[in-house]
Amino acid sequence: MSASLSRRGLLRALGLSGAGLVLAPGFLGRALAASPTTPARRALVTIFLRGGVDGLSLVPPVEDAAYHRARPTLALKPSGSGSDAALKLDDRFGLHPRLEPLLPLWREGQLAILHGVGLPTPVRSHFDAQDFVESGTPGRKSTPDGWLNRALEDEEDGAALRAVALQPTLPRALFGSAGALAMGRLEEFRLRGGRRGEEATTGFSALYAGAVDEALRTTGQGAFDALSRLDAERLSRLPSSSVVEYPKGPLAQRLRDIAKLLKGDVGLEVAATELGGWDTHAAQGAATGVFANRCRELASALSAFAEDLGPRLEHVTVVVLTEFGRTVRENGSRGTDHGVGSAMLVLGGGVRGGKVHGRFGSLEPAHLQDGRDVPSWTDVRAPLAEVLRACRPGVDLAKVFPGFTPPAPSGLFAPT
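The sequence shown begins at 1094 in my numbering and counts up one residue at a time.
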């Protein structure tokens, strides 16, 4: 390898440096195993809202007097109370006004909401709660893999772009033996050409040719071979642009890339991404402010994504989830603290939308978790299991969620 091309320079020349691409171990062995154009199951897209979303602001119970008493500055008013009032969903719940771009999906029956969703036992640490939700094994820190990865293990082989995370690092939910990769942006995945790229090709082989470990040598060359062929054979089919104008922001960019992969028929079965900024301990705001800004970013990106997919949305299910909710009562800093139950959004094909599903009880202190939090009336694994039943019929749920027996389907999806 040329002295002018260091290992870091080699990766940069290949376009794999920094946050560009992260490979899960199983990716390399399966990279070219299956045809990406084989008719697939319904694709699953997850969006993890990191920080702990205040479900009572996302989908406020605007007709509940206890909600208004607990939140003198944060409670949203019922529909019809002015421009900053909640958007009417039903006789009990409203939608945050900055989520208005999602209202057409609700009215068309493509968006469903669950309330009071969370871990079965309160966990108020961001790190632990995210770990338990994404591993799918609450209370067990030793689980090495994630629920999404285990859901992919029902097939031995798959397309190289079968599972993709559009974010700088692979999320906990995709840890495991099934092939998965992460990239900051789709364009960072393309191998760069020109003389520098040719030098990188030669350098890559040289870098691994002298490896003492045969597995390292084989894996390294296999990675390059797979990525080279993927670039030529798969990514060349992706649409270069979208007729839909996406808003600015990282989530919109990531969803646009996921839409490209879905429309490009590259064999994508699972995609994951995230949006942070939901840890609203102070100055949370009601119809305006920090929380409202996050809502606007989420809703505008999701709306553009749905419009971009068009009829393809019927073959895609999107799940928006978080690690925990917030306290019912606002704090002295006009914010909310770490809680338990929150809201989950599910949209796309087969969803029985236009309805708030599941149980939601009283917000009077006597009915709350520890007298302060929305309880986990629904174990987060239950709707995730129902989503997997719809997206991946025949999936082994006992393997995906060990130690958990999913309840009978709640009606989140229409019968097939």
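Idealized CB from N, CA, C, for every residue including glycine.
Practice task
Taking all protein chains shown into account, decide if Ala1375 is buried (16 or more other Cβ within 10 angstroms of its Cβ) or exposed.
Solution key: exposed
Exercise for the section: Report the three-state DSSP secondary structure of Arg1283 (helix, strand or coil). Expected result: Residue placement at Arg1283 is flagged as unreliable, the pLDDT there being 49, under the threshold of 50; the coordinate-derived value follows with that caveat. Arg1283 falls in the coil class under three-state DSSP.
Handout entry: Residue environment, Thr1509, which counts as buried when at least 16 other CB atoms sit within 10 Å
Key = exposed
Exercise for the section: Under the assumption that Gly1418 contacts Asp1247 (Cβ atoms under 8 Å), give the Cβ distance between them as a whole number of angstroms. Expected result: Contact flag wrong, Cβ pair sits at about 32 Å.
Problem - Continuous alpha helix (DSSP H) assignments of at least 4 residues falling wholly in the region 1211 to 1278 - result: 1219 to 1228, 1240 to 1245
Problem - Three-way DSSP call (helix, strand, coil) for Gln1346 in this model - result: helix
Problem - Beta-carbon proximity list for Pro1153, same chain, < 6 Å, skipping 5 on both sides - result: Leu1169, Ala1179, Gly1187
Practice task
Would you tell me roughly how many angstroms separate the C-alpha atoms of Lys1492 and Arg1243, rounded to the nearest one?
Solution key: 7 Å
Handout entry: Classification of Asp1463 by the beta-carbon crowding that lies within 10 angstroms, buried from 16 upward
Key = exposed
Practice task
Decide yes or no for the touch test of the region 1396 to 1406 against the region 1348 to 1366: beta carbon pairs closer than 8 Å, at least 3 of them.
Solution key: yes
Problem - Chain-order list of residues whose beta-carbon lies under 7 Å from that of Ala1380 (same chain, five-residue window excluded) - result: Leu1169, Asp1177, Pro1190
Handout entry: In DSSP terms, what His1450 is bridged to
Key = Leu1207
Practice task
Take every Cβ of the region 1199 to 1219, pair it with every Cβ of the region 1434 to 1442, and state whether three or more of those distances are shorter than 8 Å.
Solution key: yes
Handout entry: Three-state class that DSSP yields for Ala1510 in the structure shown
Key = The shown model of the chain, from 1094 to 1509, leaves out residue 1510, and the question about it has no answer.
Practice task
Give me whichever residues DSSP pairs with Asp1472 in a beta bridge.
Solution key: Gly1211
Exercise for the section: Verify whether the separation of the beta carbon atoms of Arg1135 and Thr1410 is less than 7 Å. Expected result: yes
Problem - Three-way DSSP call (helix, strand, coil) for Phe1494 in this model - result: coil
Handout entry: Own chain, CB closer than 6 Å to Gly1454, minus 5 neighbours either side, in chain order
Key = His1460
Problem - Environment of Ala1293 [buried if 16+ CB atoms lie within 10 Å] - result: Low confidence applies to Ala1293: its pLDDT is 44, below 50, so where it sits in the model is not reliable, and the reading given next is rough at best. By the 10 Å Cβ count, Ala1293 comes out buried.
Practice task
For Glu1280, count neighbouring C-beta atoms within 10 Å of its own C-beta (all shown protein chains included) and say buried if the count is 16 or more, exposed if not.
Solution key: exposed
Handout entry: Where Lys1181 falls: helix, strand or coil (DSSP)
Key = strand
Handout entry: Ala1258 versus Gly1229, Ser1396, Gly1447, Val1363, residue with shortest Cα-Cα distance
Key = Val1363
Practice task
Could you tell me how far apart the beta carbons of Val1038 and Leu1481 are, in whole angstroms, since I believe they sit closer than 8 Å?
Solution key: The first residue shown for the chain is 1094 and the last is 1509, placing residue 1038 beyond what the model contains.
Handout entry: Nearest candidate by alpha-carbon position, reference Arg1387, set Leu1368, Pro1237, Ser1396
Key = Leu1368
Problem - For Gly1447 and Leu1182, the rounded distance between their alpha carbons - result: 8 Å
Handout entry: Among Phe1494, Leu1406, Leu1361, Arg1452, nearest to Gly1232 - alpha-carbon criterion
Key = Phe1494
Problem - Which listed residue (Thr1415, Thr1214, Asp1184, Asp1472) has its alpha carbon closest to that of Leu1391 - result: Thr1415
Handout entry: Option nearest His1450 by Cα separation, candidates Arg1422, Ala1507, Thr1498
Key = Ala1507
Exercise for the section: Within the region 1367 to 1443, note down every full beta strand (DSSP E) run reaching 3 residues or more, in order along the chain. Expected result: 1409 to 1415, 1435 to 1441
Problem - Three-state secondary structure assigned by DSSP to Leu1137 - result: strand
Handout entry: Counted within 10 angstroms of its Cβ, other Cβ atoms place Val1488 as buried (16 or more) or exposed
Key = buried
Exercise for the section: Grab the span of the alpha helix (DSSP H) containing Ala1159 for me, first residue to last. Expected result: 1158 to 1163
Exercise for the section: Name the residue from Ser1396, Arg1422, Val1473, Thr1471 whose alpha carbon lies nearest to the alpha carbon of Pro1197. Expected result: Ser1396
Practice task
Provide the residue span of the alpha helix (DSSP H) that contains Gly1148, from first to last.
Solution key: 1148 to 1151
Exercise for the section: Just mark Arg1452 as buried or exposed, buried being the case when its beta carbon has 16 or more other beta carbons within 10 Å. Expected result: exposed
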